Ligand SMILES: [Zn+2]
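Take a look at the structure:
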């Protein structure tokens, strides 16, 4: 059946909604000054979504409902495209002398008297990844990485997920150019980077070294949905090609960019002379720790666009812009020893033990050597004099060896073949070594916490405080000990902060945790590279644990989305005798993962939330049923929720769901639906 053509009013309303939502996105994400409540916003968003569902031809590429697109095919790679105007590099300067010389050179080039001040605009030099956004007649048509400056990779779908990037230039702000390339920096705030580090520490493969690496890695993901989760931001610092409008100064231009719907740095400032640029630099250096993004210096541009045009460019960089870098926080020290630290997922990190040295106000005695590859490349040896650097929030690192001061007989460092803590064999993947032993003491605490967390076995009682306490008391020596806790009533009740009630509560939670879905169970095991999504894919493909445990590397690779690295990691996990013993212990304790239904169940694509009292089953069983039928469950009502099941006593969630127009079901309706699908409670 051909979809109906939308009536004119519907088309006009959809266009109006897109405009309104784009404006509120800008107010919220870029200006930090929302004018409407989240609920009002959600209502408008929903109205647009419903219109588009009714009349699919109204779904335009600039609709806010289209921010997260379909994933790219594995192995397809990104196409490349040329920048209209090349993205040249900026000349880096260190020290006031070089900056004053830059200013003098400009005046000579323009034949200006040396005492004529040139006006500049200055702004922070953010430490992110540069991107180029192409807008045609106001519509975002392409997004590119900087690449080699001449051509970049096409990452439009990933850039579209960034909420501070408008999909269409705001029109009320004045004339929209026929074509404009908006340039800027894709950033991860210090806060979001810290969050990401915590996540990668327990679930996926390798930690990112700094926020910039995390941004670069994220922008190359094939699935825009994953990009959307990372919380990237975009701050514009200029334009490339520009057709149909013109400006006199960079100051006017960048403020027009802001009006078109972008964020610009709140620290952008006009400087009436090069001396003001220098004091701006010192001021920024003083506040850099307090600002939400990493910056490694400032950028100053000649403000007049006419002068910029006259100055032109050299082969490598424009003559009208300078980067005045902050001095790196570096110091010299001596390597007393090199030790290997075992991280939370068993990553072996070589660490240099240093003679104490002051680095930007803090005493540093350890510096990371990252991994074997970098260690080899820099060839750091015990006894070496080294340069240590601390970049922003990141832990200090050894960046250079003073080779001329190397003591005689210093030997290259070798990574241990066995885990220095437990002696298990290590596994090398890429540049990283891992301890493969799930019983490694250095990893146990993290594994227990990982296993007990809500998204895994959901044993609420086993938070960090109690895990530490139980470990200190010798009641938790491995994750499998969790299931012995119910038999340790006397010992536990003797500990502070435990009462009869809280113990019973713990026992109840542990009992329930014995019947996890296979997906949750696999995630709970903390196998390297197996996060929640991969665990679901594996569960759907193999159906039960025994089949998975027997699968060869080749068979594992048959699962969609699972590559050779993760396949090997899974195989290694099940091959290790320690891990087999661990699984056997869980089995003896009565842990029986429930085979999960395929992810494409009848409820695929729906998101459920439960509220109020449920009579015939527990909240957890209800969640599990939804998941077994392919749906998702969440704990709070948002615009993502499609169905709310409300029992007696439902309160604010029900109210919010009504406002958002979410489908509301009673327990009876849910029961009928579940039974229809052949499920029992
Ligand atoms: Zn170990």
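In our numbering, the protein residues as written are 1261 to 1941.
C-beta: ideal position from N, C-alpha, C; glycine also.
Since we're looking at a predicted model, the values are computed, not measured.
Check: What residues are listed by DSSP as bridge partners for residue 1387?
Finding: As a position in the chain shown, residue 1387 is number 127, starting the count at 1. Beta-bridge pairing links residue 1387 to no other residue.
Notebook entry, point to check: According to the Cβ coordinates, are residue 1383 and residue 1517 closer than 7 Å?
Noted result: Within the chain shown, numbered from 1, the residue matching residue 1383 stands at position 123. Within the chain shown, numbered from 1, the residue matching residue 1517 stands at position 257. The answer is no: Cβ separation not under 7 Å.
Check: Cβ of residue 1290 versus every heavy atom of ligand 1: is any distance shorter than 6 Å?
Finding: What you label residue 1290 is simply residue 30 of the chain shown in a count that begins at 1. Incorrect: residue 1290 has no Cβ contact closer than 6 Å to ligand 1.
Note to self: Classify residue 1896: buried if its beta carbon has 16 or more other beta carbons within 10 angstroms, exposed otherwise.
What the structure shows: Counted from its first residue, the chain shown places residue 1896 at position 636. Exposed, because fewer than 16 other Cβ atoms sit within 10 Å of the Cβ of residue 1896.
Check: Helix or strand or just coil, what does DSSP make of residue 1704?
Finding: Here residue 1704 refers to the residue found at position 444 of the chain shown. Helix at residue 1704.
Checklist line | Identity of the residue in 1882, 1706, 1524 nearest residue 1498 by Cα | finding: Within the chain shown, the letter at position 238 stands for residue 1498. Of the candidates 1882, 1706, 1524, the one whose C-alpha sits nearest the C-alpha of residue 1498 is 1524.
Item checked: Chain-order list of residues whose beta-carbon lies under 6 Å from that of residue 1399 (same chain, five-residue window excluded) -> Reading the chain shown from its first residue, position 139 is the one you call residue 1399. Around residue 1399: 1322, 1428.
Next item on the list: Might you give, ordered along the chain, the residues of its own chain that have their beta carbon closer than 7 Å to the beta carbon of residue 1437, omitting 5 neighbours on each side?
Entry: Sequence index remark: in the chain shown, residue 1437 carries index 177 (1-based). Around residue 1437: 1502, 1503, 1504, 1505.
Next item on the list: Inspect the beta-carbon positions of residue 1680 and residue 1600 and report whether they are closer than 7 Å.
Entry: For this step, residue 1680 is matched to residue 420 along the chain shown. For this step, residue 1600 is matched to residue 340 along the chain shown. Contact flag set, yes.
Note to self: Restricting to Cα atoms, I'd like to know which of 1875, 1347, 1837 is closest to residue 1444.
What the structure shows: Stepping through the chain shown from its first residue, residue 1444 is reached at position 184. Here the closest residue by C-alpha is 1347.
Notebook entry, point to check: How many angstroms separate the CA atom of residue 1364 from the CA atom of residue 1507?
Noted result: Taking the chain shown and counting its residues from 1, the one referred to as residue 1364 is at position 104. Taking the chain shown and counting its residues from 1, the one referred to as residue 1507 is at position 247. Cα to Cα, residue 1364 sits roughly 25 Å from residue 1507.
Notebook entry, point to check: Curious, which full-length alpha helix (DSSP H) runs of at least 4 residues does the stretch 1351 to 1405 contain?
Noted result: 1356 to 1370
Checklist line | CA-to-CA distance, residue 1764 to residue 1469, given in whole angstroms | finding: The residue labelled residue 1469 in the question sits at position 209 within the chain shown. The residue labelled residue 1764 in the question sits at position 504 within the chain shown. Their backbone Cα atoms lie some 43 Å apart in a straight line.
Check: Using 8 Å as the threshold, is the stretch 1606 to 1626 in touch with the stretch 1661 to 1672, meaning 3 or more CB pairs across them?
Finding: no
Next item on the list: With a 10 Å radius around its C-beta and 16 neighbouring C-beta atoms as the bar for buried, classify residue 1420 as buried or exposed.
Entry: Within the chain shown, numbered from 1, the residue matching residue 1420 stands at position 160. Burial call: buried.
Item checked: Residue span of the alpha helix (DSSP H) that contains residue 1902, given as start and end -> Counting from one through the chain shown, the residue named residue 1902 turns up at place 642. Where residue 1902 is concerned, there is no enclosing alpha helix (DSSP H), given that its DSSP letter is neither H nor E.
Margin query: Closer than 6 Å to a non-hydrogen atom of ligand 1 - does that hold for the CB of residue 1681?
Written below: Here residue 1681 refers to the residue found at position 421 when the chain shown is read from its first residue. For ligand 1, at least one heavy atom lies less than 6 Å from the Cβ of residue 1681.
Next item on the list: Within the stretch 1610 to 1676, note down every full alpha helix (DSSP H) run reaching 4 residues or more, in order along the chain.
Entry: 1632 to 1638
Notebook entry, point to check: Short check: CB of residue 1302 to CB of residue 1920, under 7 Å?
Noted result: On the chain shown, position 42 is the one that residue 1302 refers to. On the chain shown, position 660 is the one that residue 1920 refers to. Yes, they are a contact pair.
Note to self: Quick check on DSSP: helix, strand or coil for residue 1874?
What the structure shows: Position 614 of the chain shown, counted from the start, is the residue given in the question as residue 1874. The answer is coil: DSSP assigns residue 1874 none of H, G, I, E or B.
Check: Can you round the beta-carbon distance between residue 1562 and residue 1704 to whole angstroms, since I take them to be within the 8 Å contact cut?
Finding: Here residue 1562 refers to the residue found at position 302 of the chain shown. Here residue 1704 refers to the residue found at position 444 of the chain shown. In fact, because the Cβ distance is near 59 Å, the residues do not count as touching under 8 Å.
Notebook entry, point to check: What do you get for residue 1753, buried or exposed, if any count of 16 or more other CB atoms within 10 angstroms of its CB means buried?
Noted result: One-based indexing of the chain shown puts residue 1753 at position 493. Label assigned to residue 1753: exposed.
Note to self: What does the alpha-carbon distance come out to for the pair residue 1278 and residue 1662?
What the structure shows: As a first step, residue 1278 must be located in the chain shown, where it is residue number 18. As a first step, residue 1662 must be located in the chain shown, where it is residue number 402. Cα to Cα, the separation comes out at about 59 Å.
Next item on the list: Locate the beta strand (DSSP E) running through residue 1497, then write down its first and last residues.
Entry: Position 237 of the chain shown, counting from 1, holds the residue named residue 1497. Looking at the DSSP string, the run of the beta strand (DSSP E) that includes residue 1497 is 1493 to 1503.
Next item on the list: Compute the Euclidean distance between the alpha carbons of residue 1697 and residue 1537, then round it to the nearest angstrom.
Entry: By one-based count along the chain shown, residue 1697 stands at place 437. By one-based count along the chain shown, residue 1537 stands at place 277. Distance between the alpha carbons of residue 1697 and residue 1537 is about 55 Å.
Item checked: Stretch pair the stretch 1630 to 1645 + the stretch 1582 to 1594: three plus CB contacts closer than 8 Å -> yes
Checklist line | Three-state secondary structure assigned by DSSP to residue 1919 | finding: The residue given as residue 1919 occupies position 659 in the chain shown. Correct three-state label for residue 1919: helix.
Notebook entry, point to check: Say the cut is 6 Å; is the CB of residue 1531 nearer than that to a heavy atom of ligand 1?
Noted result: Working through the chain shown from its first residue, we reach residue 1531 at position 271. False, no ligand heavy atom lies under 6 Å from that Cβ.
Item checked: Counted within 10 angstroms of its Cβ, other Cβ atoms place residue 1472 as buried (16 or more) or exposed -> For the purposes of this step, residue 1472 is identified with residue 212 of the chain shown, where counting begins at 1. Answer is buried; the Cβ neighbour count reaches 16.
Check: Beta-carbon of residue 1912 versus every beta-carbon of chain B: anything under 7 Å?
Finding: No chain B is present in this structure, which holds just one protein chain.
Checklist line | Stretch-stretch touch, CB-based, cutoff 8 Å, three pairs: the stretch 1844 to 1855 with the stretch 1789 to 1798 | finding: no
Check: So who's on the other strand from residue 1439, going by DSSP bridges?
Finding: For the purposes of this step, residue 1439 is taken as residue 179 along the chain shown, with counting starting at 1. Partner(s): 1396, 1503.
Check: Looking at residue 1697 and ligand 1, is the gap between the Cβ and the nearest heavy atom below 6 Å?
Finding: Within the chain shown, residue 1697 is the residue found at index 437, counting from 1. Checking every heavy atom of ligand 1 against the Cβ of residue 1697, one is found closer than 6 Å.
Check: When DSSP labels each residue in this structure, what does residue 1432 get in the three-state scheme?
Finding: If you number the chain shown from 1, residue 1432 lands on position 172. Of the three classes helix, strand and coil, the one that applies to residue 1432 here is coil, per DSSP.
Margin query: For a test of your reading of the model: does the CB of residue 1706 fall under 6 Å from any non-hydrogen atom of ligand 1? Yes or no.
Written below: On the chain shown, residue 1706 is found 446 positions in, with the first residue counted as 1. No; taking the cut-off as 6 Å, the Cβ of residue 1706 has no heavy atom of ligand 1 nearer than that.
Notebook entry, point to check: How do the stretch 1675 to 1692 and the stretch 1709 to 1728 stand: do at least 3 beta-carbon pairs fall below 8 Å, yes or no?
Noted result: no
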